[in-house]
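Numbering (my numbering), first residue to last: 1356 to 1512.
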């Protein structure tokens, strides 16, 4: 179970929600995932994202899969996972951080989201607390992460 932040290339003339609705309308949970087919521009975006996250945040591990490109932060304050698909991206943080650790890791997640926005033109939104990542408050996200992490620790352990 993860805390998720969505980034999407908003289609011209549509809102973020309308773009997501169109993307989700064609989703078939039983179908095979589509193979990753990035344009040259999307490969360039990914290269810029990797370089900037490495420069501004620190060491990351990056992998290339058939369906996505990924990066994971290495070291403190915790693990943030980014999957990039070209016209969409997804940030995941596991529900294991609470208190001050939750704030540190969510500040990191929001920094990565803002880098992705800057370098790709994708629009980020944190639906967990219903706020855009560009202007949203990581402390609000951290409070949610902390509450769910604490609940999971007490009820699922």
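Don't be surprised by glycine CBs; every beta carbon is placed ideally from N, CA and C.
Predicted model only: the values in this text are computed from it and were never measured.
Coarse secondary structure for residue i, derived from DSSP in three states
i, result
"residue 1397", "helix"
"residue 1490", "coil"
"residue 1444", "strand"
"residue 1511", "helix"
"residue 1402", "helix"
"residue 1387", "coil"
"residue 1485", "coil"
Inter-residue spacing [alpha-carbon to alpha-carbon] between residue i and residue j
i, j, result
"residue 1477", "residue 1509", "37 Å"
"residue 1474", "residue 1402", "9 Å"
"residue 1434", "residue 1367", "34 Å"
"residue 1395", "residue 1511", "45 Å"
"residue 1423", "residue 1438", "6 Å"
"residue 1450", "residue 1458", "12 Å"
"residue 1381", "residue 1455", "40 Å"
"residue 1413", "residue 1460", "14 Å"
"residue 1391", "residue 1378", "16 Å"
"residue 1384", "residue 1465", "28 Å"
"residue 1489", "residue 1404", "16 Å"
"residue 1500", "residue 1358", "7 Å"
"residue 1453", "residue 1463", "14 Å"
"residue 1410", "residue 1469", "14 Å"
"residue 1406", "residue 1365", "24 Å"
"residue 1493", "residue 1431", "17 Å"
Limits of the unbroken alpha helix (DSSP H) element including residue i
i, result
"residue 1475", "1455 to 1475"
"residue 1374", "1371 to 1380"
Nearest-angstrom beta carbon gap, residue j and residue i [assumed within contact, 8 Å]
i, j, result
"residue 1444", "residue 1471", "6 Å"
Run of the beta strand (DSSP E) containing residue i, from where it starts to where it stops
i, result
"residue 1415", "1415 to 1419"
"residue 1360", "1357 to 1363"
"residue 1439", "1436 to 1439"
Paired residues, beta bridge with residue i - DSSP
i, result
"residue 1422", "Bridge partners of residue 1422: none, in fact."
"residue 1479", "1362"
"residue 1427", "1416, 1436"
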